[in-house]
Structure formats: C-alpha cells, structure tokens
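Student:
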Amino acid sequence: MADQEAANTTLLETIAARKDSLRASERKVAELILSDPVQAMDFNMAGLADAAGVSEPTVMRFCSAIGFDGFRTFKISLAQTIALGLPMTMSSIQENDTLSDITDKVFSRTISSLDRARRLLDHDVMERAIELVADASELIFVGAGASGIVAQDAQQKFPLFGVPCQAPADYHQQFIAASMADDRGVIVAISNTARTHTVVSVAEAAKKKGARVLAIVGADGPLTEIADISIRVSTFEDTDLYTPTVSRLAGLVIVDILATGASMRRGPDAARRIQIMKEDLAQMRG
9 MADQEAANTT LLETIAARKD SLRASERKVA ELILSDPVQA MDFNMAGLAD AAGVSEPTVM
69 RFCSAIGFDG FRTFKISLAQ TIALGLPMTM SSIQENDTLS DITDKVFSRT ISSLDRARRL
129 LDHDVMERAI ELVADASELI FVGAGASGIV AQDAQQKFPL FGVPCQAPAD YHQQFIAASM
189 ADDRGVIVAI SNTARTHTVV SVAEAAKKKG ARVLAIVGAD GPLTEIADIS IRVSTFEDTD
249 LYTPTVSRLA GLVIVDILAT GASMRRGPDA ARRIQIMKED LAQMRG
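Using the working numbering, the letters of the sequence shown correspond one by one to residues 9 to 294.
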C-alpha cells in the first residue's frame, strides 16, 4: 500500500507532508504555494521569490528539497497538478472567513479528498469485495457515528445488492444480527479508524459464527485484523474545529461502487427488475 500511495501522491500533498521539515525560508515558499497554487503557477522564479519574501536561491533549494532538479521541472509538475482541476486548499477555516471563503474551502477540500480516495483505491480489493457481497445471502451493515450514517445509506440500496440488507442503529441489535448470521452472510463493518469498539465487537461476533467480514476503513487497526477483506479509503482528515468529516462522503461513494458492482454481477434480469421498480416508484411520486 505504501508504494501505491507514494506513486499516487500529488505535488501539493508532497509539499504539505514535507513542509515542517524545510528550512524557515523554504517553508515560506511552501506556504505561499499551498495557499494559492493557481496564483503560484503564474510566477517565474523571481516573482515567486519576491512574493514569498525570499531569495531566488532559496526557491531553488525549496525545489531540490521536494525532489526536483530545478525550477522548470517543478513548474511542470505544478501545472500537471492544477490541470486536474483539484488544487487542494490547505488552509483551515478561520472565524473571520467570509461565506465565500468557507464555501470555497469546504468544496476544495471535499473534492480533493475524494480525488485522493479515488487515486489510492485498490481495484483488486474492490473486485474481491464486490464478489463477496454479490455471493452473500444477507448483508448486515454496521457503523457508529458518521460511519453509522454510511451504514444506513447502504441499507437503502438493497434492491441493487439483490439480497436482504439490514443496518441496525442500536449496538445490541447489531450484535444480535451478527450473532445470527450464517456462513453466507456478510457483515460490512464501517470504521474510519478501524478501532471503534462496538463495530469491532460486532465483527468479532460475526466471525465466530462463520460469517464473513468486509471492512471499510481509513487506516489499519483491530477491525482490519478481523476482516476477510478490507477496503482502505484514504481521505484528508484532520482535527480542525470546523472541517467536515470527509471520510463519511468517501464511505458513501464506496457503498455506491459495491452496490453497482453487485447489481451488474446479477445480470440483465436483475437490471430489468430494478428498472421496473424505479419506474413504478416514479409514478407513485407523481
């Protein structure tokens, strides 16, 4: 996973990761670029040095410190990053931010974070996960807090999964459902930290009964040690007071991928039934 993550790290992520290890003068260059990478792209070396309040040799040392042999190759990489249309706003939300500032920061961070999750998602793991849920006799989604919201959303997609789905909100009900699962049942355990005690306990109970466990996580932990398959969803999470929990949105996307993949595994007859259901539902809504 480390090699894949390194290969898919954008320039802005590299700068952010290495910023604290730079010299104070080089850090000024890094902070200027992270604050507005689009504007930084317009500078030549002298302009960037002037805007950051440093010398041109400092800009060259900055480029070298983050792995480039010169300013030109750095600018090419920055242009490629910006071409994605996803320059990541590293700034935290401040109390004096305008509504426009807050809107831009939340959108930028969310889009950048979802793009990061997409780039780092292991497609082989997703393929195995889709096969697992497509072969299940029952799906039980469990989570707590924000992950519980993802579980509830997954339960709403049961027509796509094609098998009975449940997402008990109460921990005791989760535990009972997991304890009653058979060897074709699948527990989808959702925890960004992979350490949520109740979710880990439910997964353990399911494993003891022979059920299979699919984990959706943001990091390794006790849950990944229990799971048969673990989907790692790498997002930009921090402890900033106002920053929304982006892992919740990424989890919703993963559930959509699982549901769509499982539905397609069931062939044209299942697709036709879903189409008829949606048509009837549309008529009911008027």
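All residues carry an ideal CB built from backbone N, CA and C; glycine is no exception.
What does the alpha-carbon distance come out to for the pair Asp112 and Glu39?
Tutor: The sequence position of residue 112 within the sequence shown is 104, counting from 1. The sequence position of residue 39 within the sequence shown is 31, counting from 1. Distance between the alpha carbons of Asp112 and Glu39: 18 Å.
Student: For Ser255 and Gly153, I'd like the C-alpha separation in whole angstroms.
Tutor: Here residue 255 refers to the residue found at position 247 when the sequence shown is read from its first residue. Here residue 153 refers to the residue found at position 145 when the sequence shown is read from its first residue. Distance between the alpha carbons of Ser255 and Gly153 is about 12 Å.
Student: Measuring straight from C-alpha to C-alpha, what distance separates Met49 and Ser29?
Tutor: Here residue 49 is taken as the residue at index 41 of the sequence shown, counted from 1. Here residue 29 is taken as the residue at index 21 of the sequence shown, counted from 1. Spanning the two alpha carbons is a distance of roughly 23 Å.
Student: Please name the residue or residues paired with Glu146 in a DSSP beta bridge.
Tutor: Translated into positions along the sequence shown, residue 146 becomes position 138. Bridge partners of Glu146: Gly193.
Student: Quick one: Cα of Ala189 to Cα of Glu287, how far?
Tutor: One-based indexing of the sequence shown puts residue 189 at position 181. One-based indexing of the sequence shown puts residue 287 at position 279. The straight-line gap from Cα to Cα measures roughly 33 Å.
Student: Excluding sequence positions up to five away, which residues of its chain have a Cβ less than 6 Å from the Cβ of Ser271?
Tutor: In the sequence shown, counting from the first residue as 1, residue 271 sits at position 263. The answer, listed in chain order, is Leu168.
Student: How do the stretch 195-215 and the stretch 146-162 stand: do at least 3 beta-carbon pairs fall below 8 Å, yes or no?
Tutor: Output reads yes: the stretch 146-162 touches the stretch 195-215.
Student: For the stretch 134-141 against the stretch 159-168, are there 3 or more C-beta pairs whose distance is under 8 Å?
Tutor: Contact between the stretch 134-141 and the stretch 159-168 is absent, because fewer than three Cβ pairs lie under 8 Å.
Student: Could you give the distance in angstroms between the alpha-carbon of Ser121 and the alpha-carbon of Leu20?
Tutor: Position 113 of the sequence shown, counted from the first residue, corresponds to residue 121. Position 12 of the sequence shown, counted from the first residue, corresponds to residue 20. Going from the Cα of Ser121 to the Cα of Leu20 covers about 12 Å.
Student: Using a Cβ distance threshold of 8 Å, determine whether the stretch 211-225 contacts the stretch 76-89, with at least three qualifying pairs required.
Tutor: In short, these stretches do not touch, since the Cβ pair count stays below three.
Student: Tell me which residue opens and which closes the beta strand (DSSP E) that Leu222 is part of.
Tutor: Taking the first residue of the sequence shown as 1, we reach residue 222 at position 214. From DSSP, the beta strand (DSSP E) with Leu222 extends over Arg220 to Val225.
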